[in-house]
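Each residue of the sequence shown is one higher than the last, beginning at 20 in our numbering. Let me begin by presenting the structure, written as structure tokens, before commenting on it.
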Amino acid sequence: CHRTAPDPGILACEAPAVYRPRHAEATVFYQTFEQHFEKYVAAYEERFEPRSGPLRHVVPEAVVQFLACGRLQGGFARLRCPSCKSEHLVAFSPTVAICV
Numbered sequence: 020c021h022r023t024a025p026d027p028g029i030l031a032c033e034a035p036a037v038y039r040p041r042h043a044e045a046t047v048f049y050q051t052f053e054q055h056f057e058k059y060v061a062a063y064e065e066r067f068e069p070r071s072g073p074l075r076h077v078v079p080e081a082v083v084q085f086l087a088c089g090r091l092q093g094g095f096a097r098l099r100c101p102s103c104k105s106e107h108l109v110a111f112s113p114t115v116a117i118c119v
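Structure, rendered in structure tokens:
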């Protein structure tokens with residue numbers, strides 16, 4: 020709530036935002052990693068390692084976490100509105116900064 024009414028003594032509240040679950044698996048970014056990352060890792064040693072060095076172990080780990088981010092299969096919390104009893108499932112997210 021915040022003061023938006025013309026009278027400074029009145030506290031006006033905006034309607035709560037509507038929850039819209041995201042569907043990361045529908046994005047081109049997600050699909051690119053899902054469809055091509057294994058091939059990239061398989062080709063990395065031959066194509067890129069001589070120039071760039073070995074693939075750091077954190078790279079595949081981060082991609083696996085990214086692909087699991089926001090998916091109900093990785094665990095979720097069930098949130099229920101106390102007044103209207105509406106329920107939403109909110110997927111847990113790993114601790115990577117590239118969750119979309």
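Virtual Cβ for every residue (Gly too), placed ideally from N, Cα, C.
- Taking the C-beta atoms as reference points, Phe-52 is found no nearer than 7 Å to Val-78.
- Secondary structure at Ala-36: coil, using DSSP grouped into helix, strand and coil.
- Leu-108 has Arg-97 as its beta-bridge partners, per DSSP.
- Where His-55 is concerned, the enclosing alpha helix (DSSP H) starts and stops at 47-66.
- According to the DSSP assignment, Leu-86 belongs to the alpha helix (DSSP H) that extends over 77-87.
- The shortest CA-to-CA distance from Ala-36 to any of Cys-100, Ser-112, Phe-111, Ala-110 is the one to Cys-100.
- In terms of Cα proximity to Glu-44, the closest of Cys-88, Ser-112, Tyr-59 is Cys-88.
- Within the same chain, Val-82 come within 7 Å of Phe-56 by CB-CB distance, once the 5 residues on both sides are set aside.
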